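K.L.:
Okay, handing you the structure first.
Laid out in structure tokens, this is it:
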């Protein structure tokens, strides 16, 4: 059984690594911070409770992106 503190620790680590990325100027530290934030967010969501999975799915389904909307392209100098 996984303790419920682990997803919170992963979230704190992810937010901390992003803040660390904002304070550094070296590229390698930025890459490491983004990679650790991504890994912590993924593992935090993997081990989280199923209610959090449903809540995140509902939040994702509320965002509608216009993938198939019509795009108008102007042809000519009119």
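Numbering (this note's numbering), first residue to last: 1 to 78.
By construction, the Cβ of each residue, glycine as well, lies at the ideal position given by its N, Cα and C atoms.
No experiment lies behind these values; they were computed from the predicted model shown.
Going by DSSP, what residue range makes up the alpha helix (DSSP H) through residue 76?
P.N.:
From DSSP, residue 76 is part of no alpha helix (DSSP H); its letter is neither H nor E.
K.L.:
By Cβ distance below 7 Å, which residues in the same chain neighbour residue 30 in space, the five residues on each side in sequence not counted?
P.N.:
The answer, listed in chain order, is 21 and 24.
K.L.:
Only counting runs of 4 or more residues, tell me where the alpha helix (DSSP H) segments fall wholly within the stretch 4-49, in order along the chain.
P.N.:
Complete alpha helix (DSSP H) runs here, min 4: 5-23 and 27-46.
K.L.:
Is it true that the CB of residue 6 sits closer than 7 Å to the CB of residue 40?
P.N.:
Taking 7 Å as the Cβ cut-off, residue 40 and residue 6 do not qualify as a contacting pair.
K.L.:
Just the C-alpha distance for residue 28 and residue 34, rounded to the nearest angstrom, thanks.
P.N.:
Going from the Cα of residue 28 to the Cα of residue 34 covers about 10 Å.
K.L.:
Whole angstroms is fine: what's the gap from residue 50's alpha carbon to residue 75's?
P.N.:
Using only the alpha carbons, I get a separation of about 51 Å.
K.L.:
Near residue 37, which residues of its chain fall below 7 Å by C-beta distance, leaving aside the five closest residues on each side in sequence?
P.N.:
Contacts found: 14, 17 and 18.
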